[in-house]
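Have a look at the structure below before the remarks.
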Amino acid sequence: MDSSKPKERQTRVYHPYQDLNVPIQKLYNLPTAPEHLFPEEAARTHRPWGENLQYYTGCGYLSGAMFGAAKGTVQGLKAAEPGDSLKLRVNRVLNSGGQTGRRFGNSLGVLGLIFAGLDSGVIHLRGKDDLLNSVVAGLGTGALYRAAAGPRSAAIAGAIGAIAAATAVAGKQALKRYVPV
């Protein structure tokens, strides 16, 4: 051996990720189906009545509040007078948007509450979940919501509610069928 040349070490560099160049499916055992804590949860085909109540009421309130706030904001902008200061205009827009949003949100939240209660009741009475349940719940929701205005108004509102529910269910089925997810 030549003593003038330094010896090269025979070591390898530590590489912590050397064994990780395998497909991701082999690294993690990811589930392909929903996981449930209790077997009863896996057997159910629709949401329980309590979840339905929260879902429809919450969605109704939130969508009504957003639509109402947008409508109130536009009304507030249109109602601005030429001599108003910026502070007064902003106040008018915020007040109008908040008031209209609150009114629309509360109305649609109540409609969602009535619909969820009637839908769950009809499902319980009939023993199955299909299109007819939603149509009957929509009919009852419209009729109950406008019952104080008289029987003619309740009948018209019930018909509108039934048509709206049937349209929503048909649209949901069409989306499931024709729109790839």
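For the sequence shown, counting from 1, position 36 maps to 36 in UniProt numbering; every step adds exactly one. Even glycine gets a Cβ: it sits at the ideal position worked out from N, Cα and C.
Alpha-carbon to alpha-carbon, residue j and residue i
i           : j    : result
A79         : P48  : 46 Å
F67         : E41  : 35 Å
V135        : V122 : 10 Å
G140        : A33  : 37 Å
P151        : P31  : 54 Å
A149        : G158 : 12 Å
G109        : Y28  : 42 Å
residue 182 : N106 : The question about residue 182 has no answer, for the chain in this structure spans 1 to 181.
P174        : P180 : For the sequence presented, residue 174 should be read as Ala rather than Pro. Cα-Cα distance, rounded: 11 Å.
R89         : H124 : 52 Å
T94         : T73  : As written in the sequence, residue 94 is Leu, which differs from the Thr given in the question. Roughly 7 Å between the two C-alpha positions.
A170        : Y56  : 18 Å
F115        : E35  : 29 Å
A43         : L37  : 12 Å
A147        : L77  : 35 Å
Residue i - DSSP class collapsed to helix/strand/coil
i    : result
A155 : helix
E81  : coil
Y17  : coil
L132 : helix
R146 : coil
T73  : helix
N29  : coil
R44  : coil
T57  : helix
T167 : helix
Q173 : helix
P39  : helix
T141 : helix
From the options, residue whose alpha carbon lies closest to that of residue i
i    : options                : result
S63  : G127, R102, D84, D130  : R102
G98  : A70, K176, A116        : A70
A65  : I163, F104, L86, T11   : F104
D119 : E35, L94, L131         : L131
R92  : S107, Q75, N106        : Q75
A143 : E81, D129, G161, N106  : G161
C59  : I156, Q173, L111, K172 : L111
G138 : R126, G117, S153       : G117
N133 : L113, A147, A166       : A166
Y145 : R126, A168, L113       : L113
Unbroken alpha helix (DSSP H) run spanning residue i, endpoints
i   : result
V90 : 86-126
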